[in-house]
């Protein structure tokens, strides 16, 4: 059955679509200019602080070019952290998420810049100017986010979209997109069982198409048709699509080919990743040892029970290992048998709620990383019985075991507390197929943002750009949702 939204204008208007497409080509220019405005204001503020308070106060003052280098380094840091936290995406992120990302970014940049100035000065420099600069940057940021979003959504109102679905309805996807009414207006849905003529006629009425659970030749025809008509498409990818995205492009004489190696990471990638895991786990165990000792003491003081929790999990190749966590539930949490852990579970202790909220219960897994059972970044380690249960419905679930299980991962920072296993599998495969050391670093930065600004469920969700890793979706604690017991 076809359903129409009462808010939508049912009349087809190809002229309006063409005008929209012509206006869209300037969207990147608008975003670029807005981003440069913010970065320029940051640079202007730092330059004034540098010349006013630091350039002549350091032990060996720079000549002109040395000052320029200091400012250039600041520019690089601003761009690097803004890119890593995904805070320069006007129109793609909610205002709150842009604020969180940029707040964390500018704090990191100014902290590193202060440390850099102190190193150059060979002594701790005055911190007040950098503190005042940070406050000024935050005020500028709030004004920029409000103003630029206002302009953006006046120029680019929500897109009118039609959903084309197959065997299963697209209710969940539509619900998620409907939470961004500032960007997407779902006006109609039509089943693929309708006639081809009717489907094409319906597509022409809207500015974009959402394909969900449409397979085979019909999907290919729809993609080609929308491509020929310059109509935007949003496609819910299949697992085979994700595998193809990670393929290597090669050429056999004059014939292009896609090579899917399908064996996970290369030897060099495994070696680099292991070296990073060792360095990361050793440094964090040393730096966070006071936090771990306080967490352990708080757990023991609350109920006198064991501090650590052991549980069998799966890692690379389906190998089982004992994962370590700080105990966040009562000692006899599974006296009535295994149960799914819920966000409002009354088995979670008071200390456990704090540990879970800020991911501190995961810190003992640094020992698992040091021992080689886990990696810093990778798919979430699942319990063997849950993995077998998922594989009954999704035989492809074992594909995620091509790499070691991770302390954090792509699915953890882009998923939600109630992310479905099938979607989590897709995100894990995207990580494996597009692996790079830079992607690992980006995920670590995003993890830091999640720890400081945690979300909860799909009720707070945005969308997420799965191609670039740019955040369009509030992340949350999805790793606890599918685990039984603690």
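Residue numbers (this note's numbering): 10 to 495. For each residue, glycine too, the CB sits at the ideal point set by N, CA and C. If you're wondering where the values come from, they're calculated on a predicted model, not measured in any experiment.
Identify whether residue i lies in helix, strand or coil by the three-state DSSP scheme.
i           : result
residue 69  : coil
residue 8   : Missing from the structure shown is residue 8; the chain here goes from 10 to 495 and no further.
residue 201 : coil
residue 143 : helix
residue 269 : coil
residue 244 : strand
residue 334 : strand
residue 7   : Outside the displayed span of the chain (10 to 495) sits residue 7, for which this structure offers no information.
residue 414 : strand
residue 262 : coil
residue 392 : coil
residue 2   : Only positions 10 to 495 of the chain appear in this structure, which leaves residue 2 out of reach.
residue 221 : strand
residue 216 : coil
residue 94  : helix
residue 451 : helix
residue 60  : helix
Leaving out five residues on either side along the sequence, give the residues of the same chain with a beta carbon under 8 Å from the beta carbon of residue i.
i           : result
residue 123 : 134, 136, 139
residue 374 : 332, 333, 334, 383, 416
residue 443 : 254, 255
residue 187 : 193, 195
residue 223 : 173, 174, 175, 201, 231
residue 403 : 430, 431, 434
Would you mind giving the Cβ-Cβ distance between residue i and residue j, rounded to the nearest angstrom? I have them listed as a contact below 8 Å.
i           : j           : result
residue 256 : residue 267 : 4 Å
residue 433 : residue 420 : 5 Å
residue 498 : residue 251 : Limits of the chain in this structure are 10 at one end and 495 at the other, which puts residue 498 out of reach.
Please work out which residues of its chain come closer than 6 Å, Cβ to Cβ, to residue i, disregarding the five sequence neighbours upstream and downstream, and give them in chain order.
i           : result
residue 411 : 273, 441
residue 91  : 97, 114
residue 381 : none
residue 56  : 80
residue 143 : 119
Short of 7 Å in beta carbon distance, which residues of its chain neighbour residue i, apart from the five on each side in sequence? Order them along the chain.
i           : result
residue 209 : 234
residue 28  : Bear in mind that the predicted position of residue 28 carries a pLDDT of just 49, short of 50, making it unreliable; the figure below should be weighed with that in mind. Contacts found: none.
residue 308 : 316, 335, 336, 360
residue 356 : 338, 339, 342
residue 314 : 336, 340
residue 131 : 68
Exposed or buried, what is residue i when buried is set at 16 or more other beta-carbons lying within 10 Å of its beta-carbon?
i           : result
residue 393 : exposed
residue 73  : exposed
residue 318 : buried
residue 66  : exposed
residue 342 : buried
residue 77  : exposed
residue 59  : buried
residue 418 : buried
residue 75  : exposed
residue 38  : exposed
residue 94  : buried
residue 371 : buried
residue 221 : buried
Looking at chain C, is there any beta carbon in it that lies within less than 9 Å of the beta carbon of residue i?
i           : result
residue 278 : Annotation note: the requested chain C is absent from the structure, which comprises a single protein chain.
Taking 8 Å as the line, does the beta carbon of residue i fall inside it for any heavy atom of the ligand SAH?
i           : result
residue 400 : Judged by which ligands are present, the structure shown has none, so any question about the ligand SAH falls away.
- Is the stretch 40 to 49 close to the stretch 165 to 174, with three or more CB pairs under 8 Å? no
- Per the contact definition of three or more C-beta pairs closer than 8 Å, is the stretch 70 to 84 in contact with the stretch 140 to 160? no
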